[in-house]
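-10 is the number of the first residue of the sequence shown in the working numbering; add one for each residue after it. Ideal Cβ placement from N, Cα and C applies to all residues, glycine included.
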Amino acid sequence: MNITPAEVVQDLKPTMAIKTRISNIHHRKKGEAVSYGKALTLERDTTVGVSPVGYGDGYPWSTFPDGKVIVNNTYCNLIGRVTMDQILYDITDVEANINDEVVLLGNSENNELKITVFDIAKWNKTIEWEILTNINERLERVEIE
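Below you can see the structure in the form of structure tokens.
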């Protein structure tokens, strides 16, 4: 697999995505702290989305504070540290409900937004290969034709 194809290779399509669902929604007040070690103090009243994926699945714990996810065709900032089994993100400005799709890697439903392995590597100050090789068997694989 070559994630940085030669210039002569064109029309390649993504072969991998990481998606999850909103498992919980919390409403927090300005000034409250969230995540391990009170990693972030909220600067406004915030609606927090929670999804069941974390560093135990190979999603890098250092993705916060730069990382984003896509919820309902909108980029949402991670808030707080990535935990072993969960991520938190700001959905204050998004119409979102429990069970809505959350994109960690891949394209939004309307294909207008995307998060690439290069983005995740940049947020974590590492190389793409580290991101790809850390994804483990806890994440369900679904093959799509």
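Reference residue i; option with closest CA among the options
i: residue 27; options: 85, 72, 41, 11; result: 72
i: residue 112; options: 14, 43, 53; result: 53
i: residue 89; options: 36, 40, 74, 16; result: 40
i: residue 114; options: 42, 51, 5, 11; result: 51
Pairwise C-alpha distance: residue j and residue i
i: residue 59; j: residue 79; result: 11 Å
i: residue 20; j: residue 2; result: 43 Å
i: residue 106; j: residue 18; result: 33 Å
Collapsed DSSP secondary structure at residue i in the structure displayed
i: residue 42; result: coil
i: residue 114; result: coil
i: residue 96; result: strand
i: residue 32; result: coil
Minimum Cβ-Cβ distance from residue i to chain B less than 8 Å
i: residue 24; result: The structure shown contains no chain B; it holds only a single protein chain.
Where the beta strand (DSSP E) through residue i begins and ends
i: residue 139; result: There is no way to answer for residue 139, as the model of the chain reaches only from -10 to 134.
i: residue 63; result: 63 to 66
i: residue 78; result: 76 to 79
i: residue 13; result: 13 to 17
i: residue 133; result: Unbroken run through residue 133: none, as it is neither H nor E.
Cut-off 6 Å between Cβ atoms - residues of its own chain near residue i, not counting five sequence neighbours on either side
i: residue 46; result: 127, 128
i: residue 30; result: 22
i: residue 34; result: 18, 19
Sequence-distant residues of the same chain with beta carbon closer than 8 Å to residue i, five excluded per side
i: residue 100; result: none
i: residue 24; result: 53, 68, 69, 70, 72, 77
7 Å CB neighbourhood of residue i in its chain, flanking five on each side removed
i: residue 83; result: 60, 61, 63, 65
i: residue 57; result: 64, 65, 66, 67, 104
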